[in-house]
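A short worksheet on the structure shown next.
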């Protein structure tokens with residue numbers, strides 16, 4: 001989870017095969033007033049949108065193409081998801097840093 005400047009708010013490690021959807025509840029619990037939550041199409045689930053709304057947030061998640069009812073997402077807000085991708089690129093760049 002990153003803020004509007006791309007700085008980390010919360011980092012959660014999980015097994016590679018674990019779904020991102022499982023971590024949403026824990027990340028939202030750590031930040032009870034998230035504001036705008038932007039995620040990719042893979043996180044489109046009613047349960048996730050309900051969790052975001054329960055924490056007084058607004059979910060900006062495009063609907064999966066196979067849904068009968070499509071939600072519209074503001075392109076300007078959705079473009080901010082790029083900040084998350086940039087943060088992951090920074091982590092990958094410094095992957096040789098080890099912790100003890």
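Residue numbers (the UniProt record's numbering): 1 to 100.
Where is the CB? At the ideal position from N, CA and C, for every residue including glycine.
Being a predicted model, the structure only gives us computed values, none of them experimental.
Item: Compare the Cα-Cα distances from residue 75 to each of 60, 64, 87 and 68 and report the closest residue.; Value: 60
Item: For residue 48, count the other beta carbons within 10 Å of its own beta carbon; 16 or more makes it buried, fewer makes it exposed. Which is it?; Value: buried
Item: Under 9 Å between the Cβ atoms of residue 80 and residue 31?; Value: no
Item: With 16 other CB atoms within 10 Å as the buried threshold, where does residue 11 fall?; Value: exposed
Item: Strictly by DSSP, which residues pair up with residue 58?; Value: 36
Item: Just the Cα atoms here: how many angstroms apart are residue 21 and residue 90?; Value: 23 Å
Item: Can you tell me which residues form a DSSP beta bridge with residue 8?; Value: 2
Item: Quick check on the burial criterion: 16 or more other C-beta atoms within 10 angstroms. Buried or exposed for residue 52?; Value: buried
Item: I need the DSSP call for residue 75, collapsed to helix, strand or coil.; Value: helix
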